[in-house]
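Numbering that gives the first Met the number 0 numbers the first residue of the sequence shown as 0 and each following residue consecutively.
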Amino acid sequence: MEIYLSINVYGKELETCCDKPKTGFFRNGMCDTCKEDFGIHTVCILATEEFLTFSKAVGNDLSTPHPELEFPGVKPGDRWCLCALRWKEAYDQGNAPPVFLESTHEKTLKLVDIQLLQKFAVN
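Set out below in structure tokens:
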């Protein structure tokens with residue numbers, strides 16, 4: 000797999016999203032992507048209780064630990080690389096989590112408008 004250039008939504012170098020837990024399609028702490036990343040794990044979010052509850056309710060349980068996969072589960076306050084369309088779905092249903100734009104990959108902009116993301120920016 001070839002990683003696309005690590006560029007954020009501002010056209011600058013993509014910043015790390017989170018190392019604990021390791022996040023991203025490549026589990027490298029970055030919201031990097033590639034053509035094989037069908038989920039487009041490019042939005043760096045700040046997980047909230049409301050978002051995690053919503054995500055679990057729609058079939059994407061991020062909060063339950065899976066030790067066999069070395070996955071501790073996402074907790075409120077954690078940063079996480081979320082699928083762009085999952086973020087948009089959460090927004091459409093009133094549960095969008097805050098985003099770190101410097102750590103959100105530019106490929107997100109093919110699916111979500113920058114002005115909308117900026118309304119949820121925490122940095």
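By construction, the Cβ of each residue, glycine as well, lies at the ideal position given by its N, Cα and C atoms. Since the structure is predicted, the reported quantities are computational estimates derived from the model, not experimental observations.
*According to DSSP, which residues form a beta bridge with asparagine 7?*
Here residue 7 corresponds to residue number 8 of the sequence shown, with the count starting at 1. Asparagine 7 pairs with His104.
*Under the assumption that leucine 13 contacts isoleucine 6 (Cβ atoms under 8 Å), give the Cβ distance between them as a whole number of angstroms.*
Here residue 13 refers to the residue found at position 14 when the sequence shown is read from its first residue. Here residue 6 refers to the residue found at position 7 when the sequence shown is read from its first residue. The C-beta distance from leucine 13 to isoleucine 6 rounds to 6 Å, short enough to fall under 8 Å.
*Indicate the three-state DSSP secondary structure (helix, strand or coil) for alanine 89 in the structure shown.*
If you number the sequence shown from 1, residue 89 lands on position 90. Residue state, collapsed to three classes: helix.
*Mark aspartate 195 as exposed unless 16 or more other C-beta atoms lie within 10 angstroms of its C-beta, in which case mark it buried.*
In the structure as shown, the chain starts at 0 and stops at 122, and residue 195 therefore has no counterpart that could be examined.
*Which residue or residues does DSSP assign as beta-bridge partners of aspartate 18?*
Here residue 18 refers to the residue found at position 19 when the sequence shown is read from its first residue. Per DSSP, the beta-bridge partners of aspartate 18 are Lys21.
*Determine the burial state of phenylalanine 37: buried for a count of at least 16 other Cβ atoms within 10 Å of its Cβ, exposed for fewer.*
Taking the sequence shown and counting its residues from 1, one reaches residue 37 at position 38. The residue is exposed, with fewer than 16 neighbouring Cβ atoms inside 10 Å.
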